[in-house]
Structure formats: structure tokens, C-alpha cells
Amino acid sequence: MNQTLLILVVCAAAFAAAFMLLHAVSAGVAAYRRRFTDVARSRLQETFVFIDPNLVFLVPVIGVAVVPPVLWLLTGDLVWPGIIAVVAIAAPSVYFRVKSRKRKLKMVTQLPDVLLMLASSLRSGTSLQIAMDLAIRETPAPLSQELGVVVREQRLGMAMEDALESMARRLKMEEIDLIVSAMTIARDVGGNLAETLDRLAGTLRAKATMEGKIRALTAQGKLQGLIVGLLPIFLMGALSFLQHDAMAPLFHTIMGYAVLGVIGILELFGFLWIRKIVSIDV
Numbered sequence: 000m001n002q003t004l005l006i007l008v009v010c011a012a013a014f015a016a017a018f019m020l021l022h023a024v025s026a027g028v029a030a031y032r033r034r035f036t037d038v039a040r041s042r043l044q045e046t047f048v049f050i051d052p053n054l055v056f057l058v059p060v061i062g063v064a065v066v067p068p069v070l071w072l073l074t075g076d077l078v079w080p081g082i083i084a085v086v087a088i089a090a091p092s093v094y095f096r097v098k099s100r101k102r103k104l105k106m107v108t109q110l111p112d113v114l115l116m117l118a119s120s121l122r123s124g125t126s127l128q129i130a131m132d133l134a135i136r137e138t139p140a141p142l143s144q145e146l147g148v149v150v151r152e153q154r155l156g157m158a159m160e161d162a163l164e165s166m167a168r169r170l171k172m173e174e175i176d177l178i179v180s181a182m183t184i185a186r187d188v189g190g191n192l193a194e195t196l197d198r199l200a201g202t203l204r205a206k207a208t209m210e211g212k213i214r215a216l217t218a219q220g221k222l223q224g225l226i227v228g229l230l231p232i233f234l235m236g237a238l239s240f241l242q243h244d245a246m247a248p249l250f251h252t253i254m255g256y257a258v259l260g261v262i263g264i265l266e267l268f269g270f271l272w273i274r275k276i277v278s279i280d281v
């Protein structure tokens, strides 16, 4: 009787512990999903990509909960499933960062022409809002999209200065901050806004040219860093295929996992070091 009661107590405790663990995991996953979808929705709106953020959430879910277990069952290896899980978790953030950077670089190249277009329209006697409407029609994305948000906010009752400052806060670009400050000052003190935009266009064009030259000069260093960083991974994969027995301890022992961890840390330090060297602010 006592043994039966003990077994029942142990089973009940195990069931309660499993239930509490499942509840904690479910709550954690739900909280992570809410944070992820909120961030993804914000980043998608910033880049004018209108898709359901829940679809983006499927990337880390599939990359963590589906692919690694299947790969582990097929190969019995824990390293590559772990790498795939880490890549799946980091992939959305990396995609948003790369998408935002490319979008901002394209806007930097569009800004001088748009400023000259605005200055020409202002000289012809049109208002700033009409000049911006013309620039929106004549300018491709992404700058036309951001200017369209400014015009729509202004039509909804927001002051032009506030709409421009909202764009500056949204984009967080040095060039946009400079333009908004110059336009705000010119409108407040009654200066010649067309002449101000002309000078800004020349300044931004020269800045963009200098940054392009710097990117061209540092492209070789970035490529060398990428090749040097990927070479150990490529050699590891090639040797695992050609000399599987010799490389097996690296992927199936505690010491091998420790070596892989050290390699990963050194690879990360090398990547950050090279990135710091080739990063030059203009």
C-alpha cells in the first residue's frame, strides 16, 4: 500500500512538474513571438514591405524546431543542426539590417537630385508641398515613399516641420538630419530655401562621391576578411567529407565541441576586427 501510494505521489509530482514546465515553455514562446512579431512589423513598415510578420516568424520556428531535429536523426551529428538553428534565429535580423542599409544607401544617391528638383520648383514660385508632390511623382522608391509619408502627415494636419522631423527620427540618417535642420532653419528665419537646397545638394553629392571611393578602396579588405573567415569552415566541411573518421572526434566528443567553440569565438573576433579596420566615417 505504501509503495503504491509512493508511486502515485511520484507520478503526480512528475505530471505537475511536466505541466509547469510545459506552461513555462509555452508562455516563453508566446512572449518571444509577441516581441518578434512587434519588431518584425516595425522593421517591415520601415522598409515598406507589407507582409504578415507571422510569416517571418516561421523562419526561426522551422529553423529551430523542424530542420535541426530531422538533420540530427538522419546524421547523428549535433554541430550542423546547431549551426542551422543559430543561422535561422539570426537570419531575420540580418535580413532587416541588410535591407535597411541598402535602402538608405539608395536614398543617399537620390537625395542630391531630389534637392535640386525641389529648389527648381521653389524658384518657379510653387509652394514646398507642391514641390514635394512633384518630386514624389518624378522620383523612384525608396525616397519617394518616405516623402509620400511626409506629405500625407502634413495633409492630416501635422506641421511640415514636425513631419520632416518625424522622417528624420524614422530614418536615423545624417543626411536627412542635415536636410531637415537646414529646411527648418530656413523656414523659421525666412532665408532663401531654394539656395539652401542647392548648396545642400552639392554638399551631399560630394559626400556621396567620397563615401563611394572609400567603399571601393575598402572592398578588397572586406572580401579578404570574408574569404579568410569562410576558409576554415570550407576546409572543415571538405575534410569531414574526405576524412570522416579522422574528423569524427571534432563533432562527437566534448573536446571537439570545445575546439569548435574556440574556433567560433576567434572567427567572430576576426570578423569584428576586420570590420572595425575597414569602417571609415566621412
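Start counting the sequence shown at 0; every next residue gets the next number (numbering that gives the first Met the number 0).
Built from N, CA and C at the ideal position, the CB exists for glycine as well.
Please read all numbers here as calculations on a predicted model, not as lab measurements.
Per DSSP, what kind of secondary structure is residue i in: helix, strand or coil?
i	result
Arg47	Correcting the residue type first, residue 47 is Phe in the shown sequence and not Arg. Coil, per DSSP.
Thr252	coil
Pro141	coil
Ala158	coil
Gln219	helix
Ser25	helix
Lys101	helix
Ser239	helix
Leu203	helix
Met172	coil
Leu117	helix
Ser92	helix
Ala53	The sequence given here has Asn at residue 53, not Ala. Note: Asn53 maps to helix in three-state DSSP.
Thr108	helix
Thr74	helix
Thr125	coil
Closer than 6 Å by C-beta to residue i: which residues in its own chain qualify, once you throw out the five before and the five after it? Chain order, please.
i	result
Ile273	Gly224
Gln144	Phe47
Thr217	Val277
Phe95	Arg42
With a cut-off of 8 Å on the beta carbons, I'd call residue i and residue j a contact; round off their distance for me.
i	j	result
Val63	Ala30	The pair is not a contact, with the Cβ atoms about 16 Å apart (cut-off 8 Å).
Phe56	Phe35	6 Å
Arg168	Glu45	Contact flag wrong, Cβ pair sits at about 11 Å.
Arg40	Pro52	5 Å
Ile78	Leu222	First, the amino acid is wrong: residue 78 is Val here, not Ile. 27 Å between Cβ atoms; not a contact.
Lys105	Pro141	6 Å
Name the residue from the options whose alpha carbon lies nearest to the alpha carbon of residue i.
i	options	result
Val321	Arg169, Ala130, Leu267 and Lys275	The structure shown does not extend to residue 321, since the chain spans only 0 to 281, so no value can be given for it.
Leu127	Ala140, Ala162 and Ala167	Ala162
Ser123	Asp112, Gly228 and Glu194	Glu194
Leu199	Gly236, Met116 and Gly75	Met116
Glu174	Ala207, Asn191 and Glu160	Ala207
Glu266	Cys10, Pro68 and Pro231	Pro231
Gly236	Arg33, Gly27 and Ile82	Ile82
Leu229	Ala257, Phe270 and Val261	Phe270
Gly211	Val107, Ile184 and Gly255	Val107
Leu234	Ile262, Phe268, Ala118 and Ala215	Ile262
With a threshold of 7 Å on Cβ separation, who are the neighbours of residue i within its own chain once the five nearest residues in sequence on each side are excluded?
i	result
Ile135	Ser143, Leu146, Gly147 and Val150
Glu152	Ala162 and Ser165
Ala181	Thr195 and Leu199
Where does residue i land, buried or exposed, given buried means 16+ other C-beta within 10 angstroms?
i	result
Ala15	exposed
Ala23	exposed
Gln109	buried
Met19	exposed
Arg102	buried
Thr138	buried
Pro248	exposed
Ser120	buried
Ile118	For clarity, residue 118 is Ala in the given sequence; the question names Ile instead. Buried, by the Cβ-count rule.
Suppose the cutoff is 8 Å on Cβ atoms and the five residues either side in sequence are ignored; what does the same chain contact list for residue i look like?
i	result
Arg282	No statement about residue 282 is possible, as the shown extent of the chain runs from 0 to 281 and does not include it.
Leu114	Ile178, Leu196, Asp197, Leu199, Ala200 and Leu203
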